[in-house]
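Residue numbers (our numbering): 213 to 505. Just so it is clear, CB atoms sit at the ideal spot from N, CA and C, and this is done for glycine as well.
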């Protein structure tokens with residue numbers, strides 16, 4: 213038995229040594245070529261993105277882009293990392309995509325960051341998400357001020373931990389004066405709650421004699437919705453990632469005439485190339501708002 217093992221090791225040794233010698237000899241030759249190919253591909257991708265960006269018409273840019281950030285957990289599973297790391301990657305990607313949108317002249321970027329239904333997830337995951345929201349608000353506050361980005365957080369908020377609420381109120385108050393860039397995060401949000409909240413507000417005003425039945429129209433209702441914080445409450449374009457094709461109780465009123473773009477890419481992998489693809493698709497569409505042109 214020992215002699216058999218010894219023979220196999222000797223054979224393996226005889227095979228490996230020439231391979232190692234060849235690898236050592238040719239590695240310095242092939243490595244620069246390999247790195248060159250990588251750099252060439254990166255340069256080609258950058259050139260293609262620049263070309264796509266140049267083809268976009270600034271005057272046809274959406275004023276408000278809404279995002280459903282879907283696929284963080286699946287991304288984590290695919291990459292063999294913790295769910296928390298998937299959410300962390302998604303949070304970083306959100307800031308990157310929002311920054312790209314602002315650079316392209318888009319005024320408002322909103323994100324469905326945490327739905328009311330998400331409270332039903334694992335307790336540890338929910339706690340971690342809450343801490344992530346607090347960390348993102350704290351760590352990016354200088355970035356928001358440096359780039360003059362107004363930040364708003366909309367949603368129910370009755371279940372949001374008090375330290376996070378304090379952070380939200382602080383950042384909303386200190387950035388409310390910025391006019392040209394608006395970042396909206398929907399946390400503990402649902403479209404049904406938004407409409408219900410608006411109805412209750414109108415009932416209270418009616419009881420106080422502030423409005424009459426004939427005063428109620430679409431414009432009045434829209435002013436009572438949580439998106440009344442922005443100049444452009446109705447998104448022109450909504451992007452959802454991960455291949456799911458539904459709006460999942462997000463902006464039920466506001467999305468009436470919004471153009472929808474569904475990407476198969478998981479949110480942490482949704483990069484500039486994919487954003488430009490969505491914007492190009494939007495600009496090719498003819499928006500009719502229910503009218504025949």
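Query                                                                                                                                                                               : Result
Hey, would you say residue 307 sits closer than 8 Å to residue 352, going by beta carbons?                                                                                          : yes
Report all residues from its chain with a CB closer than 6 Å to the CB of residue 367; omit the five preceding and five following residues, and keep chain order.                   : 398, 399, 400 and 401
Take residue 314 as the anchor and find which of 274, 304, 501 and 474 has the nearest alpha-carbon.                                                                                : 274
Which residue comes first and which comes last in the beta strand (DSSP E) that contains residue 363?                                                                               : 362–366
Where in the stretch 388–433 do unbroken runs of the alpha helix (DSSP H), each at least 4 residues long, occur, reported from the N-terminal end onward?                           : 403–419
Residues bridged to residue 471 by DSSP?                                                                                                                                            : 449
Below 8 Å on the Cβ atoms is my contact criterion, and I expect residue 317 with residue 270 to pass it. Report the Cβ-Cβ distance as a whole number of Å.                          : 5 Å
Between the Cα of residue 324 and the Cα atoms of 495, 371, 364 and 432, which residue gives the shortest distance?                                                                 : 364
Report all residues from its chain with a CB closer than 8 Å to the CB of residue 371; omit the five preceding and five following residues, and keep chain order.                   : 331 and 400
Going by the beta-carbon positions, is the gap between residue 350 and residue 379 smaller than 8 Å?                                                                                : yes
Whose C-beta lies closer than 6 Å to the C-beta of residue 446 among residues of the same chain, with five residues either side of it excluded?                                     : 466
Would you report the Cα separation of residue 456 and residue 476, rounded to the nearest angstrom?                                                                                 : 8 Å
State the start and end residues of the unbroken alpha helix (DSSP H) segment that holds residue 293.                                                                               : Run containing residue 293: none; DSSP gives neither H nor E here.
Within 8 Å (strictly less), CB to CB, does residue 450 reach chain B?                                                                                                               : Considering every chain present, this structure includes no chain B. It has just one protein chain.
Going by the DSSP bridge assignment, what does residue 512 pair with across the sheet?                                                                                              : No statement about residue 512 is possible, as the shown extent of the chain runs from 213 to 505 and does not include it.
For residue 299, tell me which candidate among 277, 337 and 278 has the shortest Cα-Cα distance.                                                                                    : 337
Count the other C-beta atoms from every protein chain shown that fall within 10 angstroms of the C-beta of residue 389, then say buried if there are 16 or more, exposed otherwise. : exposed
Residue 468 and residue 437 look like a contact to me (Cβ under 8 Å); what is the Cβ gap, rounded to whole Å?                                                                       : With 8 Å as the limit, residue 468 and residue 437 do not qualify as a contact, their Cβ atoms being about 12 Å apart.
Classify residue 373: buried if its beta carbon has 16 or more other beta carbons within 10 angstroms, exposed otherwise.                                                           : exposed
So the alpha helix (DSSP H) residue 489 belongs to, where does it begin and stop?                                                                                                   : 484–496
Can you tell me which of the three DSSP states residue 371 falls into?                                                                                                              : coil
Can you tell me where the alpha helix (DSSP H) holding residue 353 begins and where it ends?                                                                                        : 353–358
Does the beta-carbon of residue 494 have 16 or more other beta-carbons within 10 angstroms, so that it is buried, or is it exposed?                                                 : buried
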